[in-house]
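K.L.:
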Amino acid sequence: LKLKYDPDDWMGPIVVGCETPSIVYSECINNMALCGLYTCRLNDAVELLEGVIREDPGAFLTERTAFNLCTLYELGADSAVSARRKRVLQLIAKRFFLHDIGPESFRVN
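In the working numbering, the protein residues as written are 1 to 109.
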């Protein structure tokens, strides 16, 4: 699930000539990750969501992104690895003061 675009038309989450808000970009990436899940490309889906969060955690780490990424972690790794990855995601949210993301989004048991 690699994003294919013309580098001349790309400036982060904004496409030249279009003022696309980051929330629309985030939702598109989420949808692409879900498509990856349904087409048995779980690792690509995880990489896609992790990549967009690395790009700008403040803009792209939302409740929906956290929930979907934690679900992918649960589906693709054993419980210890999954728990560690979810904890790292929680620490990122805390580091960037994303208090609007509730603990239920991280699917911690």
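Quick reminder that beta carbons are idealized off the backbone N, C-alpha and C, glycines included. Small disclaimer: the values here were computed from a predicted structure and weren't measured.
#1: Using the rule of at least 16 other Cβ atoms within 10 Å of the residue's Cβ for burial, across every protein chain shown, is V88 buried or exposed?
#2: Between the beta-carbon of I101 and the beta-carbon of E63, is there less than 7 Å?
#3: Quick one: Cα of D44 to Cα of I29, how far?
#4: For L42, collect the residues of the same chain with a Cβ closer than 8 Å to its Cβ; drop the 5 residues on either side in sequence, then sort them by chain order.
#5: Would you say L91 lies against chain C (beta-carbon separation less than 7 Å)?
#6: Specify, as a first and last residue, the run of the alpha helix (DSSP H) that L75 falls within.
#7: Return the first residue and the last residue of the alpha helix (DSSP H) that F106 is part of.
#8: Here's the rule: buried if 16 or more other CB atoms are within 10 angstroms of the residue's CB, otherwise exposed. What is T65?
#9: Just to confirm, is the Cβ distance from G58 to F106 under 7 Å?
P.N.:
Result, derived from the coordinates:
#1: Position 88 of the sequence shown, counted from the first residue, corresponds to residue 88. Burial call: exposed.
#2: On the sequence shown, residue 101 is found 101 positions in, with the first residue counted as 1. On the sequence shown, residue 63 is found 63 positions in, with the first residue counted as 1. Yes, Cβ-Cβ distance for I101 and E63 is below 7 Å.
#3: Numbered from 1 along the sequence shown, position 44 holds the residue referred to as residue 44. Numbered from 1 along the sequence shown, position 29 holds the residue referred to as residue 29. Here the alpha carbon of D44 sits roughly 12 Å from the alpha carbon of I29.
#4: Taking the sequence shown and counting its residues from 1, one reaches residue 42 at position 42. Excluding residues within five positions, the ones whose Cβ falls inside 8 Å are G36, L72, L75, G76.
#5: Judged by its chain identifiers, the structure shown contains no chain C, having just a single protein chain.
#6: Here residue 75 corresponds to residue number 75 of the sequence shown, with the count starting at 1. L75 -> alpha helix (DSSP H) spans 63-76.
#7: As a position in the sequence shown, residue 106 is number 106, starting the count at 1. Counting along the chain, no alpha helix (DSSP H) covers F106, and no H or E run does either.
#8: Residue mapping note: residue 65 aligns to position 65 of the sequence shown, counting from 1. Buried, since its Cβ has 16 or more Cβ neighbours within 10 Å.
#9: Locating residue 58 in the sequence shown gives position 58, counting from the first residue. Locating residue 106 in the sequence shown gives position 106, counting from the first residue. Judged by their CB atoms, G58 and F106 are not nearer to each other than the 7 Å cut-off.
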